[in-house]
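Working notes, beginning with the structure itself.
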Amino acid sequence: MLVGDKSKKYSRLLVIAIFLIVSSWVLTSKDMTTKNESIFQVKNGSSMGNVADELSEKNLIKSQLYFISLSKLIGANQKLKSGYYLVTPKMSILTFLKNISNGTVLSTKITLIEGKTIEYYFDQLDSDPTLESSGSLDEIMLSIGIKKPYDGWFFPETYQFNYGDSVENVLKRAHIEMQKNLNELWIKRDKSIPLKSPYEAIILASLIENETALDNEKTLISGVFIRRLNSGMRLQTDPTVIYALGDSYMPPLKKSDLKIDSLYNTYRNKGLPPGAISSVGYKSLFAALHPDNGKALYFVSKKDGSHAFAPNYKEHKENIKKYLNQN
């Protein structure tokens, strides 16, 4: 065999060897190495080199060189977006690079349920591992621009946020949603109702929210409260007393509890309490602004979630005897 032929043969073998080495390197480096789902944060101001270092430290990639080389090849290194990203088993590095360059961040759903206080919401959100703390409740309220009393200003709903968003942003969005719904309903309200401001509508709606979970009863209970307000009667609604008692409340509500000295005690004070006692859903807010035009002035629980209504105290006493078995 001639020297030239041997040289060509060795060159071909070298090319094949290099190709096999590179192919093996690519095949073993092309995927993320996690066996379980994990969350990776691309910090604000990070470079692709910083990301590669952190991924390597967390054993999420096998080759920093491959990661950086591929990022340059597809132009991801010039479009890096900060945020939290989900890393799943068998995810390719190409997919991960596309996610962090497109800003396909991990999202989370937050549900604020109806009839809860702002303290409840704050504790819920502040302990949520998907959110970042924003300081104390008072600090957040000051930042959003809400003065005491805080309750009622946050619309209960399921919201979607980016993982790692702040508690403040969640409450701010819930506040904006409440303002939107309140403004729309206030404009279309029954103009005959004796409510002087949109916040008074929230206050009344919070009483309705806590009296019944049945949507078909909400306008009926609203009607009772409106007629009592118009006639100068006390509202005498148990949830306001429970709210006034706070952490000291021990169910069931006792007659002695009704004597608590508080502006929220509607057994002692006429008119609406000074603030809402909870969050309110859309239907309770609608009912507060559109009460029924019946004659009922009283209602009592039937102990099945529904209520019996009466136009006078005599019938009310009969309902109490019937449904609460009191003599």
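Going by the numbering used here, the letters in the sequence shown line up with residues 1294 to 1620, in that order. Beta carbons: idealized from backbone N, C-alpha and C, even for Gly. Everything numeric in this text was worked out from a predicted model, so none of it was measured.
Residue range of the beta strand (DSSP E) that residue 1402 falls in? 1400-1404
Report yes if the C-beta distance between residue 1353 and residue 1326 is below 8 angstroms; otherwise report no. yes
Between which two residues does the alpha helix (DSSP H) containing residue 1533 stretch? 1531-1538
Return the CA-CA distance between residue 1364 and residue 1383, expressed in angstroms with no decimal places. 18 angstroms
I'd like to confirm the pairing. Which residues does DSSP put opposite residue 1333 in its beta bridges? 1378
For residue 1604 and residue 1598, the rounded distance between their alpha carbons: 20 angstroms
Run through the DSSP bridge pairs and tell me what residue 1455 is partnered with. 1400
Separation of residue 1456 from residue 1351, as counted between CA atoms: 20 angstroms
Does the contact criterion of 3 or more C-beta pairs under 8 angstroms hold for the segment 1538-1547 versus the segment 1459-1478? no
Going by the CB atoms, is the gap between residue 1594 and residue 1408 shorter than 8 angstroms? no
Quick test of your reading: residue 1574 and residue 1502, contact by CB under 8 angstroms. State the CB separation rounded to the nearest angstrom. 7 angstroms
Residue 1420 to residue 1504 span [Cα, whole Å]: 29 angstroms
Would you mind sorting residue 1378 into buried or exposed? The rule is 16 or more other CB atoms within 10 Å of its CB. buried
Please report the straight-line C-alpha distance between residue 1386 and residue 1369, rounded to a whole angstrom. 11 angstroms
Pick helix, strand or coil for residue 1573, following the three-state DSSP scheme. coil
Buried versus exposed, by CB contacts within 10 Å (16 or more), residue 1445: buried
Can you list, in chain order, the residues of its chain whose CB lies under 8 angstroms from that of residue 1437, leaving out five sequence neighbours each side? 1461, 1464, 1465 and 1468
Suppose the cutoff is 8 angstroms on Cβ atoms and the five residues either side in sequence are ignored; what does the same chain contact list for residue 1396 look like? 1374 and 1376
The alpha helix (DSSP H) with residue 1394 in it runs from where to where? 1386-1395
Quick check on DSSP: helix, strand or coil for residue 1346? helix
Out of curiosity, what's the CA-to-CA distance linking residue 1589 and residue 1612? 13 angstroms
Please tell me whether residue 1447 and residue 1403 are closer than 8 angstroms, where the distance is taken between their beta carbons. no
Nearest-angstrom Cβ-Cβ length linking residue 1440 and residue 1508, presumed shorter than 8 angstroms: The pair is not a contact, with the Cβ atoms about 31 angstroms apart (cut-off 8 angstroms).
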